[in-house]
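Chains D and Z are the protein sequences, given in the same order.
The opening position of the first sequence corresponds to residue 9 in this note's numbering, with each subsequent residue numbered one higher.
The opening position of the second sequence corresponds to residue 9 in this note's numbering, with each subsequent residue numbered one higher.
Protein chains: 2
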Amino acid sequence: MISTPLQQGSNAERSRHRNRQAVLGQVHLAGAIGRAEIARALALTTQTVSNIIAELSDDGMLIEKGRLSAGRGQPAIQYALKPEGGYALGVEVRPDAVFAALLDLTGRAVTTERVALARTDPDIVLDHVTAVYAHALDQVPRARGRMLGAGIVMPGPFGLTGIAGMGTDLTGWQEVDAAALFSKAIELPVVLSNDANAAAMAERITGAAQEMNSYAYLYFGAGLGLGLIHGGQLVRGAYGNAGEIGHIPVPGPHAKLEDAVSRQSVQRHLLAAELDVHDIDALDQLFEQKNAALMTWLDTACDALGHAVAIVENLFDPQTVVLGGAMPNGILEHFVANTPLPDLSVSNRPHAPHPRLIQGASGRMTATLGAAALILNRALTAPLSHAH
Amino acid sequence: MISTPLQQGSNAERSRHRNRQAVLGQVHLAGAIGRAEIARALALTTQTVSNIIAELSDDGMLIEKGRLSAGRGQPAIQYALKPEGGYALGVEVRPDAVFAALLDLTGRAVTTERVALARTDPDIVLDHVTAVYAHALDQVPRARGRMLGAGIVMPGPFGLTGIAGMGTDLTGWQEVDAAALFSKAIELPVVLSNDANAAAMAERITGAAQEMNSYAYLYFGAGLGLGLIHGGQLVRGAYGNAGEIGHIPVPGPHAKLEDAVSRQSVQRHLLAAELDVHDIDALDQLFEQKNAALMTWLDTACDALGHAVAIVENLFDPQTVVLGGAMPNGILEHFVANTPLPDLSVSNRPHAPHPRLIQGASGRMTATLGAAALILNRALTAPLSHAH
DNA sequence: TGGATTAACTCAATTCAATTGAATTATCAA
DNA sequence: TTGATAATTCAATTGAATTGAGTTAATCCA
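Take a look at the structure:
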C-alpha cells in the first residue's frame with residue numbers, strides 16, 4: 009500500500025506524453041480554445057501545439073469547433089474535447105452495494121448503476137465489479153477500446169491503522185493489494201482512493217473548483233472526510249490515507265469531529281427524537297419541514313464544521329473549501345450559508361478572490377463520479393513544473 | 009502574493025534541465041553512486057546519464073570518487089556532489105535581527121552571521137540583507153558566480169490575513185512583493201517562506217528526513233509552526249501560508265495550540281514562576297536542573313503536542329513527524345520521548361517502517377539553514393511524474 | 001591460471017520531438 | 001482598398017534522448 013512514486017527522468021517520448029496531457033488540460037479548462045493560445049499558456053511553439061493537436065484529433069480526442077474571431081488577425085480554429093474520445097470508469101465499493109458510473113472525456117456520466125452486495129470478500133466484490141464494468145460496456149459499446157482506466161473508491165483507511173475496524177472499512181481487504189486485484193480483474197489501469205479524496209477531484213473536473221489548483225474538500229459520507237488538492241494533484245499522504253479529519257478531537261460536546269458532523273451523527277441524533285431516517289430523501293423531507301430535531305443538530309453541526317474549516321484553512325491555506333457529499337442539496341446549502349467562518353484564520357483576508365466556503369456536488373453518486381474523475385484528471389493534468 | 013504556478017510544456021532543453029536535477033538528486037541521496045545505477049533509478053539509459061554526468065562534472069558540480077566493486081562486472085566509477093559546485097544563501101529576517109548562512113551544495117554551512125535590526129521597514133531590511141550577502145561572499149570568495157539562489161524566511165503569515173498583527177509579523181511588509189524586492193536587491197533567484205516551511209525542507213536536505221518524500225514537521229519558533237513535504241516538495245498552500253497550526257483551537261486548558269506549545273508559552277509560564285528566561289541556553293540550563301516549573305509546563309506541552317500530532321497524522325498520513333526548531337536539544341529529546349502518540353490515528357500501524365515522531369534540527373539557526381535548503385532542494389529535486 | 005560471465009562504460013549512428021524561419025491566410029482598422 | 005495583426009503551415013534544423021556494437025574490468029568457476 010506504500011506508494012513509491014517513481015522519480016523518473018525525461019526523454020522525447022515522455023515529454024510528448026506530458027505535452028499531450030497539458031494540451032488536453034488546457035482544452036478542458038477553456039472548453040474551446042485555439043492552438044496559439046494553448047502554445048502561449050504552455051510556453052511551447054504554435055508549431056508544436058499544432059502537431060500535438062493533429063495527433064490528438066487523429067486519436068479522436070478532439071474536435072474542431074469553427075473559428076473564433078478576436079480582434080485583428082486570422083481567427084483561431086477552436087478545439088474542444090470530443091466526449092467519445094475516452095471514458096473513465098468510476099466504482100464505489102460500499103459495505104452494502106457497489107456503485108458504478110461511466111464518464112466520457114468531458115466528465116459527463118453516460119451510464120450509472122448500483123448493485124447490492126451481500127458480502128464484501130474480495131472474490132465477491134471483484135466479481136461484481138467485473139460484471140458492472142461489462143454491463144457498462146454493453147450499455148455504451150462505443151466506450152470499448154477507449155477506456156482510460158478505472159477509479160475505485162473503497163472505505164478507508166487502507167492497511168492496518170489505529171482507526172481501522174471502526175465499522176467503516178471492509179472486512180477481508182486489510183492485507184490485500186486491492187489496486188492490483190482490480191486491475192487484473194478488469195484489465196484497466198486502476199487508481200484506488202477513499203471517498204473524500206475522489207469526491208474532491210470531481211470538483212476539479214466537472215464541479216465548483218475547475219479553475220482551482222489548491223483547495224480543500226469536506227465530504228459527508230458515513231463519517232466526515234477531507235480531500236486536499238495541491239498543485240492540481242491529490243495530496244494522498246505516504247500511505248494513501250490522508251484526509252481522515254473525522255477522527256480529530258474537537259472542543260465542544262463531542263469527542264471527535266464526525267460525532268458532530270456526519271450522516272451517522274445526524275441519524276443518531278434523529279433516532280433519539282424517535283425518527284428513524286435511513287436515506288438522503290427522508291433527510292431532505294425533514295429539512296424541508298424544518299424539523300426541530302434536525303434543526304438543533306444542524307446548529308451544533310455548523311459549529312463543528314466551522315472548527316473543521318479553521319483547521320483546514322490554517323493548515324493548507326487553500327483557495328477555497330468545498331463542501332459536498334452524500335447529503336441533501338438543501339442541507340449542504342444550509343451549511344454553506346450558516347457555518348461560522350473563523351476570524352482567526354489565514355483565509356480571512358480582506359479581498360479574497362474566492363468565497364471561503366462553497367458548495368460542491370451532492371447526492372449518492374458523489375464519490376462514484378469522483379472515482380472516475382481521478383482517471384480523467386490523470387489524462388487532463390500534467391504535473392506542474394516549478395518555473396525558474 | 010498569489011503564486012500562479014506556471015503549467016509548462018516540455019521540450020528538449022527543459023527535459024535536460026529536469027534530468028540534470030534528477031541526476032544531482034540521486035547523487036545527493038546516495039552520497040556516492042555510479043552512472044548505471046542512476047540510469048536504472050531514473051529510467052534513463054546509461055549513455056544519457058553518462059552525458060549528463062560529464063556535463064555536470066564540467067560545470068564543477070560533481071567529482072569522481074574512485075571505483076566501487078560490487079560483485080561481478082566492471083566496478084562503477086562513483087560520483088559525489090562537489091561541495092564548491094554551488095552555494096545557497098539562507099536568510100532569516102526576524103523582528104530584531106537578520107540571520108544568514110551560506111551553504112555549499114552538500115548542505116554544509118560555510119559561513120553564518122547575525123546582525124541586529126533596529127527597525128524592520130523594507131528599506132532597512134533590504135540594506136542589511138544586501139550587506140550580509142556581500143559579507144558572506146567576502147568570507148567565501150569561491151562562492152562568487154556559483155550562487156544558486158537565496159531562500160528568505162520571514163515571519164508569516166504573508167499578506168493580509170485574519171491572523172496578521174498577532175505580534176509575529178513584520179510591520180511595513182504586508183503589502184509589498186517581498187520576493188521581488190529581495191531578488192532585485194541581491195540579484196539572485198529568491199524563494200520566500202515562513203520559518204516552519206523552511207525548517208521542514210532542511211530535514212530533507214541534511215537532516216532526519218533525507219530518504220523521505222512525505223513528512224510533516226512541527227517547528228518551535230516564537231509560536232508553533234507546521235511544514236508539510238509531499239512528494240519531495242513543500243505544500244505551501246495557495247498563498248504561501250500553509251502550516252499555521254499554532255492558531256488551531258484545541259481541547260484542554262488553552263485556547264489555541266501555541267498557547268500550550270511554543271517559546272512564548274514557556275516564557276509566559278516561567279515568568280509566572282518568577283523566572284525570566286530569554287534565550288535557548290537559559291532554557292537548557294533550567295531543563296538540566298529539572299526545574300519544577302519547566303517540568304509542569306513540559307507535561308501540558310506534551311499533551312498538546314500529542315494533539316497536534318494527531319491532527320497532522322490524520323490529515324496528511326505522513327511517513328513521520330519531525331520535531332525541531334529553536335529549542336534546546338534536550339527539550340526536543342524530551343518531547344520526542346514523552347509526547348503521547350494517539351491511538352486513534354492512521355499512523356498507528358503495527359509494522360510502521362519509521363518511528364511516528366523523530367527529532368530534527370535544533371538551535372537558533374534552524375530556520376536560516378532551512379531557508380538555504382529551499383534553494384538546494386530546487387537544485388536537487390525534479391518534480392516527480394506520476395508513473396503510468 | 002585462464003576462460004566464461006557479468007556489468008559498467010564508450011563511440012557512432014539514429015530517432016524523436018521539439019524549435020526556427022520563411023511563407024501563407026484570414027480578419028480588422030484606417 | 002491597403003496595411004497591420006495574428007493564426008497557421010511547410011521545410012529545415014537542432015537538442016537530447018535512444019540504439020547497437022564494441023571495449024574494459026571485475027568475479028566466478030573449472
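Quick reminder that beta carbons are idealized off the backbone N, C-alpha and C, glycines included.
Only a predicted model underlies this, so the values are computations on that prediction, with no experimental measurement involved.
Taking its Cβ as the centre, do 16 or more other Cβ atoms sit within 10 Å of Z:MET155, making it buried, or is it exposed? Buried.
Identify the residues that DSSP records as bridge partners of D:HIS286: which are they? None, per the DSSP bridge assignment.
Note the first and the last residue of the continuous beta strand (DSSP E) segment covering D:ASP4. There is no way to answer for residue 4 of chain D, as the model of chain D reaches only from 9 to 396.
Distance check for D:GLN15 and Z:ASP129, CA to CA, integer angstroms please. Going by the C-alpha atoms only, they are around 43 Å apart.
Kindly indicate which three-state DSSP category D:TYR141 falls into: helix, strand or coil? Note: D:TYR141 maps to helix in three-state DSSP.
From the beta carbon of D:GLU121, is the nearest beta carbon of chain Z less than 7 Å away? Not closer than 7 Å to any Cβ of chain Z, the Cβ of D:GLU121 fails to qualify, so no.
Could you tell me whether the segment 83-96 of chain Z touches the segment 33-46 of chain Z, using the rule of 3 or more Cβ pairs below 8 Å? Short answer: they touch.
Would you say Z:TYR87 lies against chain D (beta-carbon separation less than 7 Å)? Chain D contact via Cβ: absent.
What's the gap between the Cα of D:ALA268 and the Cα of D:LEU189? Using only the alpha carbons, I get a separation of about 36 Å.
Taking just the CA atoms, how far does D:ASN221 sit from Z:PRO326? In a straight line, the C-alpha of Z:PRO326 is about 21 Å away from that of D:ASN221.
Answer yes or no: does any C-beta atom of chain D fall closer than 7 Å to that of Z:LEU37? For Z:LEU37, the answer is no, since every Cβ of chain D falls outside 7 Å of its Cβ.
For Z:GLN29 and D:LEU265, the rounded distance between their alpha carbons: For D:LEU265 and Z:GLN29, the distance between alpha carbons rounds to 43 Å.
For D:GLY338, would you say it is in contact with chain Z, using Cβ-to-Cβ distances shorter than 7 Å as the test? Taking a beta-carbon distance threshold of 7 Å, D:GLY338 does not count as an interface residue toward chain Z.
Using beta carbons (cut-off 7 Å, strictly below), is Z:SER273 in contact with chain D? Interface with chain D (7 Å Cβ-Cβ cutoff): Z:SER273 is excluded.
Have a look at D:LEU294 and Z:HIS262 and give me their C-alpha separation to the nearest angstrom. Their Cα atoms are separated by approximately 38 Å.
Do we get a CB-CB distance below 7 Å when we pair Z:LEU377 with the residues of chain D? Not closer than 7 Å to any Cβ of chain D, the Cβ of Z:LEU377 fails to qualify, so no.
Contact list for D:ILE319 against chain Z, beta-carbon separation under 7 Å: Annotation: Cβ neighbours of D:ILE319 in chain Z (cutoff 7 Å, chain order): ILE256 and ILE319.
Check whether the Cβ atoms of D:GLY240 and D:PRO197 lie closer than 7 Å to each other. No.
Going along chain D, which residues have a C-beta under 8 Å from Z:ASP351? Residues of chain D with a Cβ closer than 8 Å to the Cβ of Z:ASP351 are, in chain order, GLY170.
Give a yes or no on whether 7 Å exceeds the smallest Cβ distance from Z:VAL354 to chain D. At least one CB atom of chain D sits nearer than 7 Å to the CB of Z:VAL354.
What span of residues does the alpha helix (DSSP H) with Z:SER201 cover, start to end? That residue, Z:SER201, is in no alpha helix (DSSP H); its beta strand (DSSP E) goes 198-201.
With burial defined as no fewer than 16 other Cβ atoms inside 10 Å of the residue's Cβ, what is the status of Z:ASP131: buried or exposed? Exposed, by the Cβ-count rule.
Tell me the residue span of the alpha helix (DSSP H) that contains D:ARG271. Counting along the chain, the alpha helix (DSSP H) containing D:ARG271 begins and ends at 271-280.
Could you tell me whether any Cβ in chain D is nearer than 7 Å to the Cβ of Z:LEU52? Cβ-Cβ to chain D under 7 Å: yes for Z:LEU52.
Assuming D:LEU178 contacts D:VAL101 under a Cβ cut-off of 8 Å, what Cβ separation, rounded to an integer in Å, is found between them? Between D:VAL101 and D:LEU178 the Cβ distance is about 7 Å, and since that is below 8 Å, they are a contact.
From which residue to which residue does the alpha helix (DSSP H) around Z:LEU70 run? Element bounds for Z:LEU70: not the alpha helix (DSSP H) but the beta strand (DSSP E), 70-76.
Whole-number beta carbon distance between Z:SER23 and D:ASN19, since they are thought to touch under 8 Å: With a Cβ gap of about 7 Å, D:ASN19 and Z:SER23 count as contacting.
Helix or strand or just coil, what does DSSP make of D:THR169? In this structure, D:THR169 counts as coil in the three-state DSSP scheme.
What does D:ASN27 reach in chain Z if we use C-beta pairs closer than 8 Å? Under the 8 Å cutoff, chain Z gives GLY17 and SER18.
For the alpha helix (DSSP H) containing Z:GLN15, list its first residue and its last residue. For Z:GLN15, there is no enclosing alpha helix (DSSP H), as DSSP gives it neither H nor E.
Neighbourhood of D:THR376 by C-beta distance below 6 Å, restricted to the same chain and skipping five residues each side: Within the same chain, D:THR376 has close Cβ partners GLY98, GLU100, PHE107 and ALA109.
Look at the alpha carbon of D:PRO361 and the alpha carbon of Z:ALA290, and state the distance between them as a whole number of angstroms. C-alpha separation (whole angstroms): 46 Å.
Determine whether the beta carbon atoms of Z:LEU365 and Z:VAL329 lie at a separation below 7 Å. Less than 7 Å divides the Cβ of Z:LEU365 from the Cβ of Z:VAL329.
D:GLN367 (DSSP reduced to helix, strand or coil): Here D:GLN367 sits in strand by DSSP.
Compile a chain-ordered list of the residues in the segment 54-74 of chain Z whose CB is closer than 7 Å to at least one CB of chain D. Taking 7 Å as the Cβ-Cβ cut-off against chain D, none of the residues of the segment 54-74 of chain Z qualify.
Tell me the residue span of the alpha helix (DSSP H) that contains Z:THR54. Annotation for Z:THR54: the continuous alpha helix (DSSP H) segment containing it runs 54-66.
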